Each structure stands twice: as C-alpha cells, then as structure tokens.
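This report refers to the structure that appears directly beneath it.
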Amino acid sequence: MSKPSGTKVRVIAALAMAPIAIAAILMLSTPWLAALAALVFLIGLWEWFKLAEIDDSLPRTLLLLANLLLMVLLVWASAGSPDLVPLRLVSLLGVVWWLLALLWLRYFNFASDHQTWARGFKLAAGTLAVVPAWCALCLIHASQPNGHRWLFVALAMVWAADSGAYFAGRRFGKHKLAPRISPNKTIEGLLGGLAAGLLIAAGGTFFAGAGLAELPFVLIVAVATVLGSVVGDLFESLIKRHVGAKDSGDVIPGHGGVLDRVDGVLAALPIFALGKELFGF
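The structure is reproduced here in structure tokens:
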C-alpha cells in the first residue's frame, strides 16, 4: 500500500485540526480561549527559540517561562482596565514590530551569523511576534458584539490565504516572490492567497453580524491582514534559512511544527485588531 502524498497528508491534517480550532473559537469563553491560545503560541515560541540556536532545554524553558509571566502580568494589568488598555498597547506594538520586520526581510543577512548578539535579536523578535499576537487574539475575541465570530473571520482569512497561495502557486506560479528567503513562494501564489482571503472576508462580514456599509472597511483591513500574514510567513522562513532548517518542528504531519502553522497568524492578528478598532466594525 503506497503512502499518501505530501499534499494529501497536508490536507488530511488540516481537516483534522480545523473542527477543533473552529469549535474552540466559537464556543469557548475568552479566558479559556486565551489560555488555550497561550499554550499553542508558547509551543511555537519554544520552536522559535530553537531556530534562534538556543539548544539547551534549561535556557529555553526559562525564556518560555519569562514570556508566560509576561502574558500573566498583562492579564493582571488589564483586569483593572475597562478598555483593556495594556492588551491594546501591546497589540499595537506588534503592528510596529512587523513594519520593522520588513526592513529585516530587506536586509537578508542581518543577524544571520551565530554570534550572541544575533541570537539576542531573534529572541526579542520571538517575543515581539508572539505576545502581541496573543494580546490581539484576546482583544478580538472579547470585543462586542460577536467578537468570537470576528476572530474566526480573521483566522479563516489567513487559513484561506495560505491554502489559496499554496494551490495557486503550484498551478500558476512562475515569478518568484522572495527567492532568497522562500524559493517556493511566487507572486501568483500571493495573488491567489489574497483573492481567497478577500472572498472569506466578504462572506465573513455578514457572518459576524456586520452589513454592506461595513463591507468596504472589512475588505481594506482584509488586504492588510493577508499581506501581513505573508510577512509573518516570510520572516519565519528567513530565520529558518539562517540556520538551515526546513521546518520549525515535526509535530504536525505534512505541516511541520506549530510555528510553521501560526507564523502568518502572528503578524495578521495585530493588524486585524488595529483595523477593527480604527474602522469600528
């Protein structure tokens, strides 16, 4: 009996994970979802530390606990703030970080060596990627009305864009997007992913309880969100290429590590949260 192809394994794994993720987003209360998301994001951060060449388990564990403590402190600080100001500020910091990350992508060789200072930059980048994304997830889910539905729409856009880019790139891809960073990504794949993300955003607008008046604003935010997810994906590819790694891990069949699945989400969530705040949908 022949083994299933890589594409089939990828699809089967996605179909197995999707119902669990959707049920958690739509059915759990914000505190419970925040705890579950923290677990997932911290597993991704553990893999990030490995890509930053923190090989010993003890330092990686201490760094992970420090990031967990930061999350706990943010929750504690936000408990006394009706508008969840600490979470909002850290989420905004995430948007600023991903704008700076564009410069890092431009200068491919920055922090590509194995010296301590390079590891320091990558460790800081991990915290700036993961913690603001988690804050944004909490903000979106806790927003009223229908925050749980808006979070589902935001994540579904990223998932659809990732799948759309994958299949459009395989079918039509001819022009490389960032060959030094991720040779398999193409401009055609980017456009296919953007189209898939916008399609989900259009339908998701009404699913989340908004109307035609909000649709143009949702689509504007969707474009920024999908493009942000591409930046997140490329940045993870960059740090993997620096250390010669194909995947961040191997816990998800056909997908690699947890970080390989959430890299785009890390950049997308703060952008979506900011857009949702600015346009008020």
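When we follow the numbering used here, the leftmost residue of the sequence shown carries the number 3, and every step to the right adds one.
Think of the CB as a built atom: it goes at the ideal place given N, C-alpha and C, for glycine as much as any other residue.
Being a predicted model, the structure only gives us computed values, none of them experimental.
(request) Kindly list the residues whose CB is nearer than 8 Å to the CB of aspartate 164, restricted to its own chain and excluding five residues on each side of it in sequence; keep chain order. (result) As a first step, residue 164 is located in the sequence shown; it is residue number 162 there, counting from the start. Taken in chain order, the residues that qualify are Gly195, Ser231, Asp235, Gly266.
(message) On a Cα-Cα basis, can you pick out the residue from Leu276, Ser145, His150 that is closest to threonine 227?
(response) Counting from 1 along the sequence shown, the entry for residue 227 is found at position 225. Taking threonine 227 as reference, the option from Leu276, Ser145, His150 with the minimal CA-CA separation is Leu276.
(message) Tell me the rounded alpha-carbon separation between phenylalanine 123 and alanine 113.
(response) Taking the sequence shown and counting its residues from 1, one reaches residue 123 at position 121. Taking the sequence shown and counting its residues from 1, one reaches residue 113 at position 111. Their backbone Cα atoms lie some 7 Å apart in a straight line.
(message) Check whether the segment 92 to 110 and the segment 29 to 41 touch, using three or more Cβ-Cβ pairs below 8 Å as the test.
(response) No: the two stretches stay apart, fewer than three of their Cβ pairs being nearer than 8 Å.
(request) With a threshold of 16 other CB atoms inside 10 Å of the CB of serine 59, please say whether the residue is buried or exposed. (result) For the purposes of this step, residue 59 is identified with residue 57 of the sequence shown, where counting begins at 1. Counting Cβ neighbours within 10 Å, serine 59 comes out exposed, since fewer than 16 surround it.
(message) Does the contact criterion of 3 or more C-beta pairs under 8 Å hold for the segment 182 to 201 versus the segment 149 to 165?
(response) These segments touch.
(request) Tell me, to the nearest whole angstrom, how far the beta carbon of isoleucine 45 is from that of valine 260; I am working on the premise that it is less than 8 Å. (result) As a working mapping, residue 45 is identified with position 43 in the sequence shown. As a working mapping, residue 260 is identified with position 258 in the sequence shown. The pair is a contact, with the Cβ atoms about 5 Å apart (cut-off 8 Å).
(message) Extract the residue ranges of the alpha helix (DSSP H) inside the segment 6 to 92, only unbroken runs of 4 or more that lie entirely within it.
(response) Runs of the alpha helix (DSSP H) inside the segment 6 to 92: 8 to 29, 32 to 53, 59 to 81.
(request) Work out the CA separation of isoleucine 24 and phenylalanine 154 for me, nearest whole Å. (result) Position 152 of the sequence shown, counted from the start, is the residue given in the question as residue 154. Position 22 of the sequence shown, counted from the start, is the residue given in the question as residue 24. For phenylalanine 154 and isoleucine 24, the distance between alpha carbons rounds to 7 Å.
(message) Is it buried or exposed, serine 83, if we count other Cβ atoms within 10 angstroms and call 16 or more buried?
(response) Along the sequence shown, one-based indexing puts residue 83 at 81. The residue is exposed, with fewer than 16 neighbouring Cβ atoms inside 10 Å.
(request) Assuming leucine 35 contacts histidine 143 (C-beta within less than 8 Å), just tell me the rounded distance between them. (result) Here residue 35 corresponds to residue number 33 of the sequence shown, with the count starting at 1. Here residue 143 corresponds to residue number 141 of the sequence shown, with the count starting at 1. Right, the Cβ-Cβ distance comes to about 6 Å (below 8 Å), so this counts as a contact.
(request) Measure the C-alpha to C-alpha separation of leucine 67 and glycine 251 and round it to an integer number of angstroms. (result) Within the sequence shown, residue 67 is the residue found at index 65, counting from 1. Within the sequence shown, residue 251 is the residue found at index 249, counting from 1. Cα-Cα distance, rounded: 20 Å.
(message) I need the straight-line Cα distance from aspartate 249 to alanine 215, nearest angstrom please.
(response) For the purposes of this step, residue 249 is taken as residue 247 along the sequence shown, with counting starting at 1. For the purposes of this step, residue 215 is taken as residue 213 along the sequence shown, with counting starting at 1. Pairing aspartate 249 with alanine 215, the inter-Cα distance amounts to about 42 Å.
(message) For glutamate 279 and alanine 212, I'd like the C-alpha separation in whole angstroms.
(response) Indexing the sequence shown from 1 puts residue 279 at position 277. Indexing the sequence shown from 1 puts residue 212 at position 210. Distance from the CA atom of glutamate 279 to the CA atom of alanine 212, rounded to whole angstroms, is 14 Å.
(message) Measuring alpha carbon to alpha carbon, tell me which residue in Ile273, Ser239, Leu107 is nearest proline 185.
(response) The residue given as residue 185 occupies position 183 in the sequence shown. The shortest CA-to-CA distance from proline 185 to any of Ile273, Ser239, Leu107 is the one to Ser239.
(message) With a threshold of 8 Å between beta carbons, is proline 33 in contact with chain C?
(response) Going by chain labels, chain C is absent from the structure shown, which holds only one protein chain.
(request) Can you tell me which of the three DSSP states glycine 149 falls into? (result) Residue numbering aside, residue 149 sits at position 147 when the sequence shown is read from its first letter. In the displayed model, glycine 149 falls within a helix according to three-state DSSP.
(message) Check whether the segment 203 to 210 and the segment 165 to 182 touch, using three or more Cβ-Cβ pairs below 8 Å as the test.
(response) Segments in contact, no.
(message) Which same chain residues end up closer than 6 Å to alanine 270 when comparing Cβ atoms and leaving out the 5 residues on each side of it in sequence?
(response) By one-based count along the sequence shown, residue 270 stands at place 268. Excluding sequence neighbours, alanine 270 sits near Val160, Thr227, Gly230, Ser231.
(message) In the DSSP assignment, the beta strand (DSSP E) including alanine 275 goes from what residue to what residue?
(response) In the sequence shown, residue 275 corresponds to position 273, counting from 1. Element bounds for alanine 275: not the beta strand (DSSP E) but the alpha helix (DSSP H), 260 to 281.
(message) My assumption, with CB atoms under 8 Å, is that leucine 1 sits in contact with isoleucine 241. Please give the rounded CB distance.
(response) Absent from the model: residue 1. The displayed extent of the chain is 3 to 283, so no value can be given.
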